[in-house]
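Novice: Just dropping this structure here.
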Ligand SMILES: C[S@@+](CC[C@H](N)C(=O)[O-])C[C@H]1O[C@@H](n2cnc3c(N)ncnc32)[C@H](O)[C@@H]1O
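Residue numbers (our numbering): 253 to 522.
Following this line, the structure appears as structure tokens:
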């Protein structure tokens, strides 16, 4: 055999050895892939089970919630709404006298969807309806059906076609999932008898990245008026923690000199 022929044989032997090696390696690779697939399937099953368990836990936690302030809304459920409206629309009330500034601070984008939770007489909802414009929408949400009927009539008279009233329950804002960009809660959080349930329903109604603007009373010893200590069950720190615990993160606090009795906080859905 010539040296050139030996070279050719060696070359063919190398190719054959390569093919044999590969054919041994291919089943091994397949086996590894199958094992990986199986592990991934098992991980997916475990993740599903875990999220079901978490869901069950959250559901039972929500079902177990009892009223944090029984009776706080007795007056607010009244069908006699004139005294309630008069109370909300007092010039001496900083929320009312600075309502346009407050609406602009909440800052809904034109075309966005806002829910005014605990809308009351609805002056804020009406400002929002103007700010979001005809491409946007405002849900005025409250437990008081008479108040919402009154507001629906006022909005129709003012030509605010983009304002819709919703009579909700004490445990849920009863808005469709993923339907709103901003939930505005003004002097109402301390009226929530079931804050975890209500905030969870707001969380569900918000679109990804949606925000909550919370306005409520400072409750500071030596500073706040006496009636606040009895009426408002907790101060800013406690309410902030409660909101964080229902799946939100704090974005910022708006410090406006016009607001001395109330703080204004912005949260984002996590
Ligand atoms: C003090 S008023 C504030 C009204 C309005 N946000 C304002 O600042 O002029 C509180 C309102 O919250 C409503 N409310 C109480 N609990 C509520 C709940 N769980 N969901 C929605 N609204 C509620 C009451 O009916 C009442 O209209």
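A virtual CB, placed ideally from N, CA and C, is assigned to each residue, including glycine.
Is any heavy atom in ligand 1 found nearer than 7 Å to the beta carbon of residue 340?
Specialist: Residue 340 Cβ: within cutoff of ligand 1.
Novice: As an exercise, report each continuous beta strand (DSSP E) stretch of at least 3 residues that is fully enclosed by the stretch 336 to 389, in chain order.
Specialist: Whole beta strand (DSSP E) segments, 3+ residues: 365 to 369.
Novice: Would residue 517 and residue 466 be called neighbours here (beta carbons separated by less than 8 Å)?
Specialist: Yes, the pair counts as a contact, with Cβ atoms nearer than the cut-off.
Novice: Does DSSP put residue 274 in a helix, a strand or coil?
Specialist: Because the pLDDT at residue 274 is just 47, under 50, the model does not fix this residue reliably, and the value given afterwards should be weighed accordingly. In the structure shown, residue 274 sits in a helix (DSSP, three-state: H, G or I).
Novice: Would you list the residues sitting across from residue 519 in a DSSP beta bridge?
Specialist: Partner(s): 464, 502.
Novice: Given residue 440, which residues of its chain have a CB within under 7 Å of its CB, disregarding the five upstream and five downstream residues?
Specialist: Excluding sequence neighbours, residue 440 sits near 369, 370.
Novice: Just to confirm before moving on: does the CB-CB distance between residue 387 and residue 372 stay below 8 Å?
Specialist: For residue 387 and residue 372, no; Cβs fall outside 8 Å.
Novice: Comparing C-alpha positions only, which one of 514, 353, 503 sits nearest to residue 480?
Specialist: It is 514.
Novice: Which same chain residues end up closer than 7 Å to residue 458 when comparing Cβ atoms and leaving out the 5 residues on each side of it in sequence?
Specialist: For residue 458, where only same-chain residues beyond five positions count, the Cβ hits under 7 Å are 432, 435, 521.
Novice: Sort out for me which residues DSSP pairs residue 417 with in a bridge.
Specialist: According to DSSP, residue 417 bridges with 392.
Novice: Only counting the same chain, and skipping five residues up and downstream in sequence, which positions put a Cβ closer than 7 Å to that of residue 274?
Specialist: Confidence at residue 274 is low in this model, with a pLDDT of 47, below 50, so the placement of that residue should be treated as unreliable; the coordinate-derived value is given next. Hits under 7 Å: none found.
Novice: Comparing the CB of residue 392 with every heavy atom of ligand 1, is any distance shorter than 7 Å?
Specialist: For ligand 1, not one heavy atom lies less than 7 Å from the Cβ of residue 392.
Novice: Taking 7 Å as the cut-off, does the CB of residue 318 come closer than this to any heavy atom belonging to ligand 1?
Specialist: Every heavy atom of ligand 1 is 7 Å or more from the Cβ of residue 318, so no.
Novice: When burial is assigned at 16 or more other CB atoms within 10 Å of the CB, is residue 452 buried or exposed?
Specialist: Flag for residue 452 reads buried.
Novice: Are the Cβ atoms of residue 352 and residue 309 separated by less than 8 Å?
Specialist: Against a cut-off of 8 Å, the Cβ pair of residue 309 and residue 352 comes out as no contact.
Novice: Can you check the stretch 445 to 497 for any beta strand (DSSP E) of at least 3 residues that lies completely inside it and give the ranges in chain order?
Specialist: Taking only runs of at least 3 residues, the beta strand (DSSP E) segments lying wholly in the stretch 445 to 497 are 458 to 469.
Novice: By Cβ distance, which residues of its chain are closer than 6 Å to residue 504, with the 5 residues on each side in sequence left out?
Specialist: Closer than 6 Å at the Cβ level, and outside the excluded window around residue 504, lie 518.
Novice: Hey, how far is the Cα of residue 266 from the Cα of residue 285?
Specialist: Note that residue 266 has pLDDT 48, beneath the 50 cutoff, so the model's placement of it is unreliable and no number is given.
Novice: Helix, strand or coil: which one does DSSP assign to residue 280?
Specialist: It is helical.
Novice: Between residue 502 and residue 463, what straight-line distance do the alpha-carbon atoms span, to the nearest angstrom?
Specialist: Each residue's Cα considered, the two are about 10 Å apart.
Novice: Any heavy atom of ligand 1 closer than 7 Å to the CB of residue 461?
Specialist: False, no ligand heavy atom lies under 7 Å from that Cβ.
Novice: Note down the Cα distance separating residue 442 from residue 294, rounded to an integer number of angstroms.
Specialist: Residue 442 and residue 294: Cα-Cα distance of roughly 45 Å.
Novice: If you pair each beta-carbon of the stretch 380 to 399 with each one of the stretch 412 to 421, do three or more pairs fall below 8 Å?
Specialist: The stretch 380 to 399 is in contact with the stretch 412 to 421.
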